[in-house]
Structures are given as C-alpha cells and as structure tokens.
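For what it's worth, this note's numbering labels the leading residue of the sequence shown as 1, then goes sequentially.
First the structure, in the form of structure tokens, and then the observations on it.
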Amino acid sequence: MAQRISLKAGSIVFCGNVEYEVIGPVDFSSVKVRNVIDGAIRVLTLGELSARSADEEKVPAAPLNCLSEKDQKISLQRFEIIKPAVRNKLSRKKIEELAAQNGVHFTTIYRMLREYRKSATPSSLMPKTHCRGGKGQHRIAQAVEDIIRQHFKAVVEAKLVDITKVSIQSLQTDIKNKCKIAGLKVPTWVTVADRLETYLKEQNIPRQKGRRKRRQRPTAGGTFPDAKWPLDVVQIDHTPLDLILVDDKDREPIGKPYLSLAIDVFSRMVLGFSLSFDAPSIFSVGQLIAHCILPKDHFLESVGVNAKWETFGIMRTLLLDNAGEFRSEDFVPFEEEYWVEISWRPVATPEYGGHIERYAKTLNNKIHNEPGSTFSNINDRGDYPSEEKAVYTIDEIEKWLTILIAKEYNEEEHSELGMSPRKKYELGIFGDDKTVGIGLPDIVEDQERLKIFLLPTFWRTIQREGIKLDKIKYFHDILRHWVGKTDGNGNARKFLFKRDPRKISPLYFYDPDRKEFFKLPYKDLTRPPMTIWELQGSKKRCKEKGIDDPDEQQIFEAYAERMKIRDEAVAKTKQARREREVERRRVKSKPIDQTDRGNAFAKTEEQSAPLDDIASIYDDASLLDGVIVKKTTGEE
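In structure tokens form, the structure reads like this:
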C-alpha cells in the first residue's frame, strides 16, 4: 500500500473509484479537487482520500530492511534517478534529459515510475529477478562481462582512487565507451552495479558505508539552517521534568518522568510530546514520530482537552541528538520508505538544537512554579520538600502540558516570529496576499503500517517449532512455509520481526511473499500478557534465585512471583508504587490494534476491515498443529 498521499496542487488522489486532481487546501481537514473526467469541482475530507482507486489491486511493498543489501542498494539508486520525476511533473523532454543524465533509455524512467507508483516506496524498484530467469542467470554477452571485469581490475590496480568510492554512473560511462569501440551492446548501470558487488566480494574488497556516513554528517556552518516551510525541519529532544509525580492510587511520590518534545523549526509549533517513566529509547522516539505524523484528535479527546492542534503529516528532515539510543539501524528503513532525512546534532554544539532546548527550558521554568518541583538544581531548591509537596499524577501533568502547549504556547505571540507559532504555521500552509503557501503536507495512508514500522526490529531464523525471542516461543501456521529456508550464502535465512514493548505478544512477522505483517501469538496460548519491562524484571528475578539462563517456564513463574510480591509491597515502598504506576501508564498507552488500520483521518465506521486477524485461526482446528492450547479453570 502507498506510504503517503500527496496533497500538493496537481497531485492525483482517489475517492472510491473516482480520480481527482488536487487544486489546493480548503482548511486543515479538507481539500478542493477536480474530477479528471468531467472537470467537476468538489471538496473532499482527508478521510475520504486514497492514493489509488477502490478497485485497483493494492500492491504492498516490502520494507527496505527486508531486502538484501544488494537489492536495497539498487532500489535506492533507481529511486535517486526518478526522484525529480516523482516530486515534479516533468515533460517528455525533461524525462529524456533525465534518462540521458543517468545512462538509461527514457522508457526505463517511465517504467520505473510505474513500478514506484504501485506502492510509493523505493523498495518497489527492487530487481525482479524471477522475471528475468532467476538469480545468477547472466543475460549479457561474455565479451561484455570480460570488459566489465577488466575495467574493475584496471581501476583497482591503478591505485589512483578507491573503486568503492567511484560512482556507478562513472564506471558505467567508461565501460560504455569500451563496449561501443568493441561493437558490443552497452550494459546498463544496474548490470554494472551488480557486477561490481560480485567483484568486490570475490576480491575481498570492503565497501565503505558512505551513504549512511554522509547522512549522519552534520551540516556545515555554526548552526543548523533555518527551515523554509512547515515540516521542513523538525527537532526532537528529551529532558527529565523537574517535577516529582505521585502514583494514581495512593498519591504517594514515585519520581520524575522524561519529557520528549518535537518542534517545527519554521513556525516553532510543538508538533508532539510524550511523557514516560522510561528513559528515551528507540521505541519512545518512534512513538513520538508517529504522534507528530498522525492527527491529534484522538489524543486530545483521550486527555480531555478541547483545543485546536492541527499539525500532522510527514516531515522532510528530523534533527536528533547524539545519544547512542538514537543511532539505531531501525530508523534507516523509515527514512527511505517515507522520504524522511534524519540528521544528527554534532557533539557539544547546543546551537544545533537551540529552538527545542530553549522551549524545553521554558517548560521546566513553568514547572518550577508547580507543587512538587525539584527546580533546576540543589541550590535553587534549597530546603523545599519536593516529595512532600508532590500532587500531580503522570496523567494530570500530561493534561497540564497539553493545555500549556496547545492552548497557550502555540497561540501566543513568539518574540522571534512577531506572531504566534500557530499563525506562522498556517501562513506557511495556506499563504496570504503576500506569501504563497505550500499546501497541506503529505499524509500516510496506512497508520498501522507506520506504527509497526517504527517499532524495534529483530531478525530471527524460523524453526519447526516457530521462533524464539528472549526465551519466549511464538508460533503460527504462516511460519511453516519458511522453515528451513536459506539465504544466498547457504546460511539459515533470517526474517524481520517487530515487537511492541507494551505487549510482547503478538509479534509482528513480515512475510516476504505476501509483503504484509502478520501477528504471531505465544506458542503456549495460556501464557499471560506481559510487557518487555516485566520480562526484564522476571529475568532479573530468576538471576536473584541463582538461575542465570532461565527457560520460558521459569521466566513466567518468576513473573507470577514478582506480581504477587509487588502487590503486597505496594503500600509499603516507593519503588513498588513507582513500578505499579509505570505499568499502569504503559497499559494506558495501548499497543497497536485493529483500530489503528487505515487512514487516520477517516471516521471509525469508515475504516477498512482489519487484515487477517490471527486470533481467528484458533477457531480452525486444522491450523492448530504445533500450538499448545490448555483449558484453564481458575488460577494458572
């Protein structure tokens, strides 16, 4: 399914089976469109839009990290070629010029554009080897193969330049000239790239990870450049709140939470925030990114705040700090699939995150006026008894912050802008008599896929009994097809799994054939639900009992023991109260479920039906082979 719906003027969208051209935005929830057949003008809400007709076959695309390194490289190279044609309407002449610049025929550009538009992701451009005779089946003359290898050898032996740093286009140009002189058919740049990968492996020449290093290199100059339009640059940062919170039940102090913020540099609008007792992690960053991209209606309703917070859509650049937890490869597929560039703040250069750090400081200064504040340091706090004065639960301070951000900060005049962040944001979107707006940002068509995409990633082989992750076994009949599969090197093939820390069952398994995520339950269906933090605590409990390498049964026994001990200790200790409140908060932040499917702007009753509900397979006895199902009466 397409990853994004473009709302820019001239973009094509669908409502049902009717094709429309976007004219421009009406407001934050609707666009004016023109029927491409009869020219009729109408207004459609964002919830009515799709990137394809209702009857068109949806072609799901594999996440890039499901492809081999070679296919990832080729997919991204192809995407770089067609990118100018993807983002702008190009004439036939411009397409021919683009093709000439890249050493391909203009029909190749059109063909790649057709493939890309099926799913709107670079991975749709992966090589279709099954259509060309299969892996390893060369389809060019041996004489051409010889010229390619001889050229690679000459470049390496000349030692004038590292061959891994020479562009494919440059290599292809030299090889093309040699082939023309010999009267041979010129190989495409894709063929050259393929043969180069083979040559490097045969000669044991390491390839430099230049692409990712370039992406992480900070922009030159003393400060990060100002954004030119809304969502051009989004800064994310994290800070402990200077406030002691109390638990929801006994109102006893349990400690300080972490605040994560995202701010639009162009308008200074706060795009999203999150509160957690857990330290910042890949998971928390992913959740904040999803919160920024998706509409805020449901969030505002859940916290009981009546406000306008009409920020949504896919940003161009995310600016993150240098903390180790944010340098995960988990973000690379997200960058490429959603066209989001992630930049990294250099060490010891606070000016790169000045906008968001200043606002975080402003928020904490306001917090200093609230009961339970710890202030910024011991000297400021003096003899103030922070724990004794603490009154806010995490839910209450979340509502307090929502009001402060959505109803005060976003609406008040900003000293640097001369207008409110909201006004600046609207000006950038809609424009006025003096300024041309850029229109509404691109939105995601499938919010569930986005949320799963931003979960932590795991790669595992599949055995006859299913898969094992952190000692816990998972199984579903859909895994049977992949048992015993190997990769191109003859090793056991590893598959992509995603896990929601708030509920470790189900796992999300990506089926490479169906190109969809499927839910995998515990193999033993009698096991209780558990969070990743409870799993970690249970392993710690096992270690305390002298079990250094516990099995699944021992882990769940330790979990039951911990829950019993915690319940008895809640009234006695601060740590136990904190654990209980942390768990309550995690449960409230519900895992992904069926209500997350489809267009986030659509009304609930209009959302598409959920895909294969894995739970329903337990009604079919033929699918239960290998799954443990026990009848339970009373306590386990």
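Just so you know, even glycine gets a beta-carbon here, dropped at the ideal spot from N, CA and C.
All values reported here derive from a predicted model rather than from experimental measurement.
Around ALA602, the same chain offers GLY47 and GLU48 as residues with beta carbons nearer than 8 Å, after the five sequence neighbours per side are excluded. Annotation: the continuous beta strand (DSSP E) that includes GLN235 extends over 233 to 240. Residue pairing from DSSP places GLY431 in a beta bridge opposite VAL436. Taken atom to atom, the span from the alpha-carbon of ARG78 to that of LYS70 is near 12 Å. Here LYS185 is exposed. Its C-beta has fewer than 16 other C-beta atoms within 10 Å.
Counting every other CB atom within 10 Å of its CB across the protein chains shown gives VAL36 a total below 16, marking it as exposed.
Shown here for PRO84: same chain residues with a beta carbon closer than 7 Å to its own, the five before and five after excluded, namely LEU90 and LEU98 in chain order. By the criterion of a C-beta distance shorter than 8 Å, THR173 is surrounded in its chain by GLY103, once the five residues flanking it on both sides are discounted. Here the C-alpha atom of MET315 lies approximately 8 Å from the C-alpha atom of PRO441. A check of alpha carbon separations from PRO253 across LEU288, ALA390 and LYS176 identifies ALA390 as the nearest.
When DSSP states are grouped into helix, strand and coil, VAL303 belongs to the helix group. Note: THR317 is bridge-paired with VAL233 and GLU341 in the DSSP secondary-structure output.
Under the three-state reduction of DSSP, ASN35 is assigned to strand.
Per DSSP, the unbroken alpha helix (DSSP H) holding VAL155 starts and ends at 142 to 158.
Of the candidates ASP395, PHE518 and LYS471, the residue whose Cα lies closest to the Cα of ASP549 is LYS471.
Measuring C-alpha to C-alpha distances from ASN17 to each of ALA227, ALA143, GLN203 and SER50 identifies SER50 as the nearest. Contact between HIS368 and ILE263 is ruled out by a C-beta separation of about 21 Å, above the 8 Å threshold. Beta-carbon to beta-carbon, ILE504 and MET530 are separated by about 6 Å, close enough to satisfy the 8 Å threshold. Linking ILE12 to GLU416 through their CA atoms gives a straight-line distance of about 38 Å. Residue environment: ARG449 is assigned as buried (16 or more neighbouring CB atoms within 10 Å of its CB, all protein chains considered). Looking at the DSSP output, CYS179 shares a beta bridge with no other residue. When the beta-carbon positions are compared, ILE443 and ARG34 stay at least 8 Å from each other.
For LEU46, no beta strand (DSSP E) segment is defined, and its DSSP state is neither H nor E. Per DSSP, the continuous alpha helix (DSSP H) segment holding VAL190 begins and ends at 189 to 202. Out of LEU241, LYS249, VAL246 and ALA193, the CA that lies nearest to the CA of SER260 is found in LEU241. Between the region 384 to 399 and the region 279 to 287, the count of Cβ pairs shorter than 8 Å is below three; the stretches do not touch. With respect to the 8 Å criterion, LEU520 and HIS476 are classified as neighbours on the basis of their beta carbons.
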